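Novice: My numbering applies: residue 2 is where the sequence shown begins, and numbers increase by one. We put the CB at the ideal spot given by N, CA and C, even for glycine. Since we're looking at a predicted model, the values are computed, not measured. This is the structure, below, for whatever I ask next.
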Amino acid sequence: MAIRNIVKEGDEILRKQSREVTVFDEKLWELLDDMAQTMYKANGVGLAAVQVGVLRQAVVIDIGKGLIELVNPVISKRRAGEVVDVEGCLSSPGEYGMVPRPKKVEVRAQNRYGKPITVKGEDLLARALCHEIDHLSGHIFKDLVLRMLTQEEINRL
Ligand code: NI
2 MAIRNIVKEG DEILRKQSRE VTVFDEKLWE LLDDMAQTMY KANGVGLAAV QVGVLRQAVV
62 IDIGKGLIEL VNPVISKRRA GEVVDVEGCL SSPGEYGMVP RPKKVEVRAQ NRYGKPITVK
122 GEDLLARALC HEIDHLSGHI FKDLVLRMLT QEEINRL
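Rendered as structure tokens:
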């Protein structure tokens, strides 16, 4: 395993569409392992492959309840009703904004072996799922942000 460099906002790769994963081999597993290690080292709750410069539909998430690996994830259900809360991104260090996200989502994906899985998320997990899946189509949280927090507000977090 290895820590990979996290691509920062402004790099045009973050605006590109990630490609579907079709081969579930050791190269994918190494990517997922490295992504998890990189996310934990950076104290993040989620990371998409594009953020380590790989345009593949793979994300890792851990909101403090264990590692979730998702390959080719899509949001299959979203409950009406949005929650506005603070959000940041490892590609935009030190910046936070208020972003509306669905209260609850259901995601269909595959695990690292290609087996279909379904993940249901509420509140922070729903937010992390939406944020990371957005990265796979070239979107960042600032595309949805209602307003950015001031430094004073960040200091109080
Ligand atoms: Ni992000």
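1) Which residues have their C-beta within less than 7 Å of a heavy atom of ligand 1, listed in chain order?
2) Going by C-alpha to C-alpha distance, which of Ile64, Leu48, Lys66 and Ser92 sits closest to Gln58?
3) Please report the straight-line C-alpha distance between Gln38 and Ala127, rounded to a whole angstrom.
4) According to DSSP, is Val51 part of a helix, a strand, or is it coil?
5) Would you identify the three-state DSSP class for Asn112, choosing helix, strand or coil?
6) Determine the DSSP secondary structure at Asn44, reduced to helix, strand or coil.
7) Answer with buried or exposed for Asn156, where buried requires no fewer than 16 other C-beta atoms within 10 angstroms of its C-beta.
8) Between which two residues does the beta strand (DSSP E) harbouring Arg102 extend?
Specialist: Here's the rundown:
1) Gly47, Ala49, Gln52, Cys90, Leu91, Ser92, His132, Glu133, His136, Ile141 and Phe142
2) Leu48
3) 22 Å
4) helix
5) If DSSP states are grouped into helix, strand and coil, Asn112 belongs with coil.
6) coil
7) exposed
8) For Arg102, the uninterrupted beta strand (DSSP E) segment begins and ends at Tyr97 to Pro103.
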